[in-house]
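Residue numbers (our numbering), protein chains in the order written: chain A, 1 to 112; chain B, 1001 to 1111. Working notes, structure below.
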Amino acid sequence: DTAVSQTPKYLVTQMGNDKSIKCEQNLGHDTMYWYKQDSKKFLKIMFSYNNKELIINETVPNRFSPKSPDKAHLNLHINSLELGDSAVYFCASSQRAKNIQYFGAGTRLSVL
Amino acid sequence: QKEVEQNSGPLSVPEGAIASLNCTYSDRGSQSFFWYRQYSGKSPELIMFIYSNGDKEDGRFTAQLNKASQYVSLLIRDSQPSDSATYLCAVNRLSGNQFYFGTGTSLTVIP
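This is the structure we're talking about:
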């Protein structure tokens, strides 16, 4: 069983569209994250949720909206997609006390 | 100043040699330190974590932490071609649970 799973793996869409990426973890962790990795491989945290509460919200355009229906799920919705949103988005989870993060396989988003 | 800095490389070592990867961080309040390996097109996977000053060994990998100098390093002994990847240093401040990754060091092990 995959510990942290993201869907879809690839997402190709036009500018201006709205899209969502889903993430689920079956590790029983209480904290989940969204990261963006750009073409230069820099991994930057976007959001972090602990027990469904938002605890980190880095400087991210408000077109990006995370939603955590429960501890095991953290979805990312993106409105009005722009070319600069093209990147690989990784979901991760951890147990807050230990802070060791486990990553999903990533979603490669291409905005045309 | 970046929170976490790494030499982007590329770093090339011959098979069987020791690869040394370095990382510095800016916040003295940082408390947890991690090394992740990322193969091209794949997700980061945890190799080592270290919380206390000194060395921590796990197989061919040794993590070294020096909080006074604010650096953490990763040594890979008997390097193998399969070790060729990008190595990401990550630092965590418990306050606010902030995680910061370095830009990664690309390592190539030459057979």
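For every residue, glycine included, the Cβ atom is placed at its ideal position computed from N, Cα and C. These figures come from a predicted structure and were not determined experimentally.
No Cβ-Cβ contact shorter than 8 Å links Tyr-89 of chain A with Val-4 of chain A.
The three-state secondary structure of Asp-38 of chain A, taken from DSSP, is coil.
Per DSSP, the continuous beta strand (DSSP E) segment holding Thr-1105 of chain B begins and ends at 1105 to 1110.
Each of B:Pro-1010, B:Pro-1111 and B:Leu-1074 was checked against the Cα of Asp-1058 of chain B, and the nearest Cα belongs to B:Leu-1074. Going by C-alpha positions, Val-12 of chain A is about 46 Å away from Asn-1053 of chain B. Contact note: Lys-41 of chain A reaches chain B through Gln-1038, Thr-1086, Thr-1103 and Gly-1104, using a C-beta cutoff of 8 Å and chain order. When C-beta atoms of the stretch 11 to 26 of chain A are compared with those of the stretch 77 to 97 of chain A, three or more pairs fall below 8 Å, so the two segments count as touching.
Collapsing the DSSP output to three states places Gly-1054 of chain B in a strand.
For the stretch 48 to 71 of chain A, the residues whose beta carbon sits under 8 Å from a beta carbon of chain B are, in order, Ser-48, Asn-50, Ile-55 and Ile-56. Interface flag for Ala-105 of chain A against chain B is set, since a Cβ pair is found closer than 8 Å. In this model, Ser-1040 of chain B and Ser-1084 of chain B are separated by some 10 Å (Cα to Cα). Across the set A:Gln-95, A:Asp-85, A:Ser-94 and A:Gly-104, the C-alpha of A:Asp-85 shows the shortest separation from the C-alpha of Leu-112 of chain A.
Contact note: Leu-1065 of chain B does not reach chain A at a C-beta cutoff of 8 Å; the least C-beta distance is about 15 Å.
Nearest neighbour of Pro-1014 of chain B by Cα position, chosen from B:Gln-1098, B:Gly-1104, B:Ser-1079 and B:Glu-1005, turns out to be B:Ser-1079. Distance from the CA of Gly-1009 of chain B to the CA of Ser-1026 of chain B, rounded to the nearest whole angstrom, comes to 20 Å.
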